[in-house]
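Comments concern the structure below.
Numbering (our numbering), first residue to last: 21 to 287.
Structure (structure tokens):
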């Protein structure tokens, strides 16, 4: 089942598609799937301008942009990728920090008891106990730490809890955090560590329940965006729109913490 689901989602989420002439293409981290889609719709309704959104892992987009992929705006879940592209001369400047992400445990409703703040990894510990006792193997989903910032945060949280090595037989990796969230809600999974912004979105909120992981368990998920050199006026307008109060309110509604003005420019 996982192989089939992985193939379908990889086809949908990981192959870049680019816009027709005059419509700029935006490379956006998968944790923005619902928030940015809403923002793009509002932008088009208010300003009559269209952007095309591609969602995927920040690390894969960083590589594609470095290789010349025709994106005009890049929204990363890890600001280090934007900083690297700026050092390579791919972006117009260092960009701005637009949000701070949060990590959650997400599980299918009815899968079992939801972990508590006192024991955020109780679901994983339950799955490990079942594996040791021969009672089955329920998987634990996370994004691939090799190129997905939320995968890195998930690994750090698991290391903090002392469970990273032991949970390897249960691990199922999503190509990005959106795919990991789908895996976490599947019939074969106990749950997973994914983006708060996805857990709050209607389609996933209706199917699952979640618990915030303490942000002290992983490095901050500082998210940064920047214009790619040669970006069109429409891309510039959307970049500006994403920094106004209305956009910030929508990001906050999807669970993102917002940087204050003094820290937004910090690399």
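Think of the CB as a built atom: it goes at the ideal place given N, C-alpha and C, for glycine as much as any other residue.
- A check of alpha carbon separations from residue 100 across 54, 64 and 168 identifies 168 as the nearest.
- According to the DSSP assignment, residue 273 belongs to the alpha helix (DSSP H) that extends over 265 to 273.
- Within the model, the alpha-carbon separation for residue 266 versus residue 122 is close to 21 Å.
- A direct Cα-to-Cα measurement between residue 241 and residue 174 gives close to 11 Å.
- Annotation: residue 268 to residue 258 spans about 13 Å, alpha carbon to alpha carbon.
- Cα atoms of residue 263 and residue 70: separation of roughly 17 Å, rounded to the nearest angstrom.
- Assignment of alpha helix (DSSP H) within the region 147 to 209, counting only whole runs of 4 or more residues, yields 169 to 180 and 197 to 204 in chain order.
- Look at the beta carbons and you see the region 147 to 158 not touching the region 116 to 130: under three pairs across the two are nearer than 8 Å.
- The Cβ atoms of residue 75 and residue 53 sit closer than 7 Å to each other.
- For the pair residue 239 and residue 218, the CB atoms are not nearer than the 7 Å cut-off.
- In this chain, residue 96 is not harboured by any alpha helix (DSSP H); it is covered by the beta strand (DSSP E) spanning 93 to 96.
- With contacts defined as CB atoms closer than 7 Å, residue 86 and residue 51 fail to qualify as a contacting pair.
- Comparing alpha-carbon positions, the option among 111, 249 and 272 lying closest to residue 59 turns out to be 272.
- Nearest neighbour of residue 180 by Cα position, chosen from 150, 237 and 205, turns out to be 237.
- By DSSP's assignment, residue 246 forms a beta bridge with 94.
- Residue burial annotation: residue 195 is buried, with at least 16 other C-beta atoms found within 10 angstroms of its C-beta.
- Here the alpha carbon of residue 211 sits roughly 17 Å from the alpha carbon of residue 176.
- When the Cα atoms are used, residue 47 and residue 247 turn out to be separated by approximately 10 Å.
- Judged by DSSP in its simplified three-state form, residue 99 adopts helix.
- With respect to the 7 Å criterion, residue 124 and residue 216 are classified as neighbours on the basis of their beta carbons.
- When secondary structure is reduced to three states using DSSP, residue 76 falls in the strand class.
- Residue 251 is positioned such that its CB atom lies no closer than 7 Å to that of residue 120.
- Around the CB of residue 207, fewer than 16 other CB atoms lie within 10 Å, so the residue is classed as exposed.
- Around the beta-carbon of residue 107, fewer than 16 other beta-carbon atoms lie within 10 Å, marking it exposed.
- Of the candidates 134, 142 and 192, the residue whose Cα lies closest to the Cα of residue 159 is 192.
- In the three-state scheme derived from DSSP, where H, G and I count as helix and E and B as strand, residue 106 is classed as helix.
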